[in-house]
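Number of protein chains: 2
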Amino acid sequence: MPTIADIAKYAAVSPAVVSRVINRDPTLRVSDETRERVNRAVDALDFTPNAAARALRSSKSGLIAFVVHDVTNPVYGEVLRGAQMTASQSGNALLISEASNSGDRASRLVELVGGRGVDGLILQADGGISDLILARAARERVSTVLLQAELDVPAHLLRLPDKTAAAMATSHLVDLGHREIACVATEAGLSFTERRAAGWRAVLKSAHMNNGDDRIAYCPTSIENGRKTTVSLLSGAPTITAVVCFNFVTALGAVKGIRELGWRVPEDISVVTIHDLAVAEFLETPLTAVRMPLFAMGTRAVELILRRSFATGAESVIDDPKPQLIVRRSSAPPRC
Amino acid sequence: MPTIADIAKYAAVSPAVVSRVINRDPTLRVSDETRERVNRAVDALDFTPNAAARALRSSKSGLIAFVVHDVTNPVYGEVLRGAQMTASQSGNALLISEASNSGDRASRLVELVGGRGVDGLILQADGGISDLILARAARERVSTVLLQAELDVPAHLLRLPDKTAAAMATSHLVDLGHREIACVATEAGLSFTERRAAGWRAVLKSAHMNNGDDRIAYCPTSIENGRKTTVSLLSGAPTITAVVCFNFVTALGAVKGIRELGWRVPEDISVVTIHDLAVAEFLETPLTAVRMPLFAMGTRAVELILRRSFATGAESVIDDPKPQLIVRRSSAPPRC
DNA sequence: TTCTATTGGTAAAACAATTTACCAAAGGTT
DNA sequence: AACCTTTGGTAAATTGTTTTACCAATAGAA
Numbered sequence: 001m002p003t004i005a006d007i008a009k010y011a012a013v014s015p016a017v018v019s020r021v022i023n024r025d026p027t028l029r030v031s032d033e034t035r036e037r038v039n040r041a042v043d044a045l046d047f048t049p050n051a052a053a054r055a056l057r058s059s060k061s062g063l064i065a066f067v068v069h070d071v072t073n074p075v076y077g078e079v080l081r082g083a084q085m086t087a088s089q090s091g092n093a094l095l096i097s098e099a100s101n102s103g104d105r106a107s108r109l110v111e112l113v114g115g116r117g118v119d120g121l122i123l124q125a126d127g128g129i130s131d132l133i134l135a136r137a138a139r140e141r142v143s144t145v146l147l148q149a150e151l152d153v154p155a156h157l158l159r160l161p162d163k164t165a166a167a168m169a170t171s172h173l174v175d176l177g178h179r180e181i182a183c184v185a186t187e188a189g190l191s192f193t194e195r196r197a198a199g200w201r202a203v204l205k206s207a208h209m210n211n212g213d214d215r216i217a218y219c220p221t222s223i224e225n226g227r228k229t230t231v232s233l234l235s236g237a238p239t240i241t242a243v244v245c246f247n248f249v250t251a252l253g254a255v256k257g258i259r260e261l262g263w264r265v266p267e268d269i270s271v272v273t274i275h276d277l278a279v280a281e282f283l284e285t286p287l288t289a290v291r292m293p294l295f296a297m298g299t300r301a302v303e304l305i306l307r308r309s310f311a312t313g314a315e316s317v318i319d320d321p322k323p324q325l326i327v328r329r330s331s332a333p334p335r336c
Numbered sequence: 337m338p339t340i341a342d343i344a345k346y347a348a349v350s351p352a353v354v355s356r357v358i359n360r361d362p363t364l365r366v367s368d369e370t371r372e373r374v375n376r377a378v379d380a381l382d383f384t385p386n387a388a389a390r391a392l393r394s395s396k397s398g399l400i401a402f403v404v405h406d407v408t409n410p411v412y413g414e415v416l417r418g419a420q421m422t423a424s425q426s427g428n429a430l431l432i433s434e435a436s437n438s439g440d441r442a443s444r445l446v447e448l449v450g451g452r453g454v455d456g457l458i459l460q461a462d463g464g465i466s467d468l469i470l471a472r473a474a475r476e477r478v479s480t481v482l483l484q485a486e487l488d489v490p491a492h493l494l495r496l497p498d499k500t501a502a503a504m505a506t507s508h509l510v511d512l513g514h515r516e517i518a519c520v521a522t523e524a525g526l527s528f529t530e531r532r533a534a535g536w537r538a539v540l541k542s543a544h545m546n547n548g549d550d551r552i553a554y555c556p557t558s559i560e561n562g563r564k565t566t567v568s569l570l571s572g573a574p575t576i577t578a579v580v581c582f583n584f585v586t587a588l589g590a591v592k593g594i595r596e597l598g599w600r601v602p603e604d605i606s607v608v609t610i611h612d613l614a615v616a617e618f619l620e621t622p623l624t625a626v627r628m629p630l631f632a633m634g635t636r637a638v639e640l641i642l643r644r645s646f647a648t649g650a651e652s653v654i655d656d657p658k659p660q661l662i663v664r665r666s667s668a669p670p671r672c
């Protein structure tokens with residue numbers, strides 16, 4: 001555990017010079033010969049600067065917290081990977097926190113943010129965004145990025161082209177000839193749910209189709225919720241021939257429910273979902289899905305934080321790459 | 337950004353007392369009345385101790401690094417969740433690092449470990465365990481847990497009941513009447529691969545069956561590798577009627593490959609895999625799988641680190657809950 | 001009354017870096 | 001020769017907490 005002072009002694013310079021060399025400060029001058037000596041000392045003693053001391057003095061921890069609802073949800077995987085790559089390329093690290101429940105964790109998060117334990121904060125819309133944390137982050141000037149949320153807070157808002165994606169999914173079904181298209185939405189009240197619902201409604205309206213409230217049902221993301229919701233939706237309106245799901249996981253449940261009711265996919269009911277995952281093509285009925293730029297959302301979120309900008313309420317949409325419809329076997333023309 | 341000094345002033349005590357109160361040090365004495373005053377001050381000023389200063393003085397960062405090969409691999413999800421829960425329950429946080437490639441990242445990890453940026457290190461066997469990092473961790477007394485590895489290093493070795501699991505999968509096929517059982521293994525050279533292979537071989541041997549090298553093939557985990565490997569395995573030995581896969585992801589590829597060859601699962605070829613994921617039952621052919629105690633491995637890893645123990649080479653097996661065979665539709669008696 | 005323990009608290013020294021302010025020497029200008 | 005500027009470096013302050021060593025006051029015992 002050599003310190004900067006040991007290096008300084010070994011290289012016969014002062015600690016300040018060592019600091020300049022290892023931080024490659026371009027404005028401050030060190031002769032080539034001295035720099036060389038210091039570098040040799042660093043190698044010889046196998047020196048790594050102490051993270052805590054550095055963070056204390058410079059008030060930069062090099063850490064970014066990523067808060068999700070459920071780490072096992074594969075949809076976050078891609079976002080996480082994008083964030084992770086961008087972060088580590090710039091010498092930062094990513095801290096994962098599951099905010100799903102208990103107050104314990106929320107308070108641990110407050111400590112991290114309040115104590116300047118992290119430089120940035122990335123919050124997923126369904127990760128239980130707490131006002132406490134947002135307020136704290138703003139006060140401490142911890143730059144914050146909200147994913148898929150729509151709040152009036154001093155943070156960057158980053159979102160996906162949800163309306164477009166839902167419209168693409170719905171249009172695909174309309175093009176196939178469906179006239180009764182139901183919708184298994186994500187949790188009500190979340191802004192991305194509303195945007196996707198708007199996309200679904202817009203397409204149905206322009207095709208002069210029934211888009212009443214008896215055609216859409218909202219539920220939190222889980223296989224079981226998807227199943228239950230689909231069953232009650234289809235039981236209530238037997239003329240429905242297609243379903244748009246707002247999440248891959250609920251789509252799995254939807255297919256399960258349709259089969260329980262004695263129908264087949266896609267012969268009796270077509271299913272199209274938002275979010276395309278690798279397993280989609282290995283399912284009993286490979287799912288037609290709209291691929292979203294999740295990876296790009298992850299990279300963009302970290303970029304914003306590294307830029308240390310604090311745009312208040314500036315909302316931007318990730319649309320590169322654009323959402324893309326992947327047609328597989330779960331969608332077909334309606335029967336008869 | 338109030339400091340401990342501000343609290344001290346507000347509560348009319350010295351900083352040392354504030355420190356004792358917020359750290360709830362039971363051995364050191366503070367009168368109830370003073371404690372109350374300090375707590376009021378903390379609330380009034382909305383104080384959170386500075387993480388960096390605390391880490392610097394106490395040389396504990398409250399951070400544990402979890403290094404995996406690929407964050408999108410769903411098999412890690414469960415391990416991660418177990419680790420995450422245990423960590424946050426004790427006021428620690430988890431840092432995710434993808435060690436898959438580039439030297440950049442490896443060096444960032446060295447900085448974290450070398451600079452005492454983390455208290456503990458959890459390394460997945462296929463996460464590219466670098467000697468550099470292990471040496472550094474040992475020198476800095478960062479307690480380290482190796483998952484599914486078998487190295488002679490000063491770290492805890494935690495592993496799954498791999499031999500048992502592979503034997504369970506293979507026995508299931510033998511019980512169904514299969515006499516020619518191939519094996520799509522994970523990467524050669526990894527210790528868990530060897531253990532699983534041993535389980536497969538043991539069952540075949542006790543059933544007096546062919547367990548030669550032309551029945552087993554090794555490949556890194558990916559859908560495509562699973563597909564290719566299975567195709568070449570089956571093409572070379574047409575009498576094979578069943579396949580044991582060592583990973584869920586390669587199993588997806590295996591099923592794909594079997595279909596490409598014009599065969600059906602399970603009518604022509606049965607497939608059993610190690611690792612059970614939620615999607616298993618939604619696949620075209622729901623996969624028979626051995627469920628492993630992944631969550632428990634995650635919790636155990638963090639517990640070991642929090643205990644700050646440095647057992648050298650002590651290997652322990654996670655066997656609670658025990659591995660469990662989940663029979664689905666991908667396994668059936670052989671044809672004729 | 002005097003002598004010890006105990007209680008409740010304080011002052012100041014770490015911890016290991018970054019950064020500001022300053023300084024000596026060398027080189028260039030008039 | 002006197003003066004200014006640049007170069008390359010140093011000493012010391014700063015960051016916010018924990019912890020050690022110490023001290024005053026009170027209580028209890030002899």
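Chains as they are written, first to last, in this note's numbering: chain A, 1 to 336; chain B, 337 to 672.
Built from N, CA and C at the ideal position, the CB exists for glycine as well.
None of these values were measured; they are calculated from a predicted model.
Worksheet entry | For K322(A) and V603(B), the rounded distance between their alpha carbons | For the sequence presented, residue 603(B) should be read as Glu rather than Val. The alpha-carbon atoms of E603(B) and K322(A) are separated by roughly 42 Å.
Worksheet item: Using CA coordinates, which residue listed in P293(A), T193(A), L252(A), I122(A) is at the minimum distance from V279(A)?
Response: L252(A)
Worksheet item: Which chain A residues sit within Cβ distance under 7 Å of I432(B)?
Response: Result: Q84, L94, I96.
Item to complete: Return the chain-ordered list of same chain residues with a C-beta closer than 7 Å to the C-beta of E150(A), the five sequence neighbours on each side being excluded.
Response: L157, S191
Item to complete: Taking 9 Å as the cut-off, decide whether the C-beta atoms of S88(A) and V67(A) are in contact.
Response: Their beta carbons are not under 9 Å apart, which means S88(A) does not touch V67(A) by this criterion.
Fill in: Q484(B) classed as buried or exposed, judged by whether at least 16 other C-beta atoms fall within 10 angstroms
buried
Worksheet entry | Q89(A) - DSSP class collapsed to helix/strand/coil | Correct three-state label for Q89(A): helix.
Item to complete: Using three-state DSSP, classify Q420(B) as helix, strand or coil.
Response: helix
Fill in: Presumed contact (8 Å Cβ cut-off) between H723(B) and M628(B), rounded CB distance
It is not possible to answer for residue 723(B), since the shown part of chain B is limited to 337 through 672.
Worksheet entry | Which of helix, strand or coil DSSP assigns to T239(A) | coil
Practice prompt. Could you tell me whether any Cβ in chain B is nearer than 9 Å to the Cβ of A8(A)?
Written response: no
Worksheet item: In three-state terms, what does DSSP make of E267(A)?
Response: coil
Practice prompt. Measure the beta-carbon distance from L45(A) to P74(A) and round it to whole angstroms, keeping in mind my assumption that it falls under 8 Å.
Written response: That belief does not hold up - the Cβ atoms of L45(A) and P74(A) are roughly 45 Å apart, past 8 Å.
Item to complete: To the nearest angstrom, report how far apart L123(A) and I258(A) are at their CA atoms.
Response: 34 Å
Discussion item. Against R81(A), what residues of chain B qualify as contacts under a CB-to-CB distance less than 9 Å, listed in chain order?
Written reply: Simply D406, V407, T408, E434.
Worksheet item: Taking all protein chains shown into account, do 16 or more other C-beta atoms lie within 10 angstroms of the C-beta of K592(B), making it buried, or fewer, making it exposed?
Response: buried
Worksheet item: Is there at least one Cβ from chain A nearer than 9 Å to V591(B)'s Cβ?
Response: Answer yes: the Cβ-Cβ gap between V591(B) and chain A drops below 9 Å somewhere.
Worksheet item: Roughly how many whole angstroms lie between the Cα atoms of L146(A) and Q84(A)?
Response: 16 Å
Worksheet item: Tell me the DSSP bridge mates of A625(B)?
Response: T609(B), I662(B)
Worksheet item: Alpha carbon to alpha carbon, what distance is there between P622(B) and M168(A)?
Response: 30 Å
Worksheet entry | DSSP beta-bridge partners of Y554(B) | A521(B)
Discussion item. Between V265(A) and chain B, is any beta-carbon pair separated by less than 9 Å?
Written reply: Chain B places no beta carbon closer than 9 Å to that of V265(A), leaving this residue out of the contacts.
Worksheet item: Do R141(A) and P334(A) have their C-beta atoms within less than 9 Å of each other?
Response: Against a cut-off of 9 Å, the Cβ pair of P334(A) and R141(A) comes out as no contact.
Fill in: As assigned by DSSP and simplified to three states, the class of V366(B)
coil
Discussion item. Using 9 Å as the threshold, is the C-beta distance between V30(A) and V38(A) below it?
Written reply: yes
Practice prompt. Would you mind reading off the limits of the beta strand (DSSP E) that contains I318(A)?
Written response: I318(A) -> no beta strand (DSSP E), and no H or E assigned at all.
Fill in: Endpoints, alpha helix (DSSP H) assigned at L204(A)
Residues 191-206.
Discussion item. Does I654(B) pass the burial test, meaning 16 or more other C-beta atoms within 10 Å, or should it be called exposed?
Written reply: buried
Discussion item. Just checking: is the beta-carbon of M633(B) within a distance shorter than 9 Å of some beta-carbon in chain A?
Written reply: Taking Cβ atoms only, chain A never reaches closer than 9 Å to M633(B), which makes this a no.
Discussion item. Using a Cβ-Cβ cutoff of less than 6 Å, which residues in the same chain neighbour R371(B) once the five nearest sequence positions on both sides are dropped?
Written reply: For R371(B), where only same-chain residues beyond five positions count, the Cβ hits under 6 Å are V357.
Practice prompt. Would you kindly check if the distance between the Cβ of A387(B) and the Cβ of S395(B) is under 9 Å?
Written response: no
Discussion item. Considering Cα atoms alone, identify which of P15(A), F246(A), A301(A), E284(A) is closest to V290(A).
Written reply: F246(A)
Worksheet item: Which bits of chain A does N546(B) rub up against, with CB to CB less than 8 Å?
Response: For N546(B), no chain A residue has a C-beta closer than 8 Å to its own C-beta; the minimum C-beta separation is roughly 29 Å.
Item to complete: On a CA-only basis, which of S143(A), D131(A), V17(A) is nearest D119(A)? Give me that one, please.
Response: Put simply, of S143(A), D131(A), V17(A) the residue whose alpha carbon is nearest the alpha carbon of D119(A) is S143(A).
Worksheet item: Is DSSP giving G634(B) helix, strand or coil here?
Response: helix
Worksheet item: Exposed or buried, which one is P362(B) when buried takes at least 16 other CB atoms within 10 Å?
Response: exposed
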